[in-house]
Amino acid sequence: FAPLSYDDRADLLFITDRTILCLSKNRFSPGYDVKWEVERERIMGIPEVTDTKLVFTLKDKKGSMFSGNIIEISSSSPEILKWVQERLERV
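Heads up: the sequence shown runs through residues 1 to 91, numbered per full-length UniProt numbering.
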């Protein structure tokens, strides 16, 4: 997993061989809530790093490559985004 900033309340990205989860710190109790979840097989290619975002392009559930759905992960640290991108290339 990777924190998306150096802040104490940073969102976390949890990467497995099948799923990517984005977790956000719960405001009212200790712990995290799932912000979103995506299956690895739905990600087309390697996510792109742009200024302060990591952009995933997704296939739709039927497998069409022309759906254009995207997920963006924001971080104030380009180094963290690059590190996450490199880890996703390896899995």
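Quick reminder that beta carbons are idealized off the backbone N, C-alpha and C, glycines included.
Query raised in the report: If we call anything under 8 Å between Cβ atoms a contact, is Lys53 one with Arg42?
Result: Position 53 of the sequence shown, counted from the start, is the residue given in the question as residue 53. Position 42 of the sequence shown, counted from the start, is the residue given in the question as residue 42. Their beta carbons are not under 8 Å apart, which means Lys53 does not touch Arg42 by this criterion.
Requested in this report: State the Cα-Cα distance for the pair Glu48 and Arg90, rounded to the nearest angstrom.
Outcome: As a position in the sequence shown, residue 48 is number 48, starting the count at 1. As a position in the sequence shown, residue 90 is number 90, starting the count at 1. Just so you know, the alpha carbons of Glu48 and Arg90 end up roughly 15 Å apart.
Query - Ile80 - containing alpha helix (DSSP H), residue span - result: For the purposes of this step, residue 80 is taken as the residue at position 80 of the sequence shown. According to the DSSP assignment, Ile80 belongs to the alpha helix (DSSP H) that extends over Pro78 to Arg90.
Query raised in the report: Can you tell me the Cα-Cα spacing of Trp36 and Phe14, whole angstroms?
Result: Position 36 of the sequence shown, counted from the start, is the residue given in the question as residue 36. Position 14 of the sequence shown, counted from the start, is the residue given in the question as residue 14. Computed Cα separation, rounded: 11 Å.
Query - Given Tyr6 as reference, the closest of Glu86, Ile80, Asn26 and Leu88 once Cα atoms are compared - result: Residue mapping note: residue 6 aligns to position 6 of the sequence shown, counting from 1. Closest in C-alpha terms to Tyr6, from the list Glu86, Ile80, Asn26 and Leu88, comes Ile80.
Report task. Using the Cα positions of Gly31 and Leu12, report the straight-line distance between them to the nearest angstrom. Result -> Position 31 of the sequence shown, counted from the first residue, corresponds to residue 31. Position 12 of the sequence shown, counted from the first residue, corresponds to residue 12. Rounded to whole angstroms, the separation of the alpha carbons of Leu12 and Gly31 is 11 Å.
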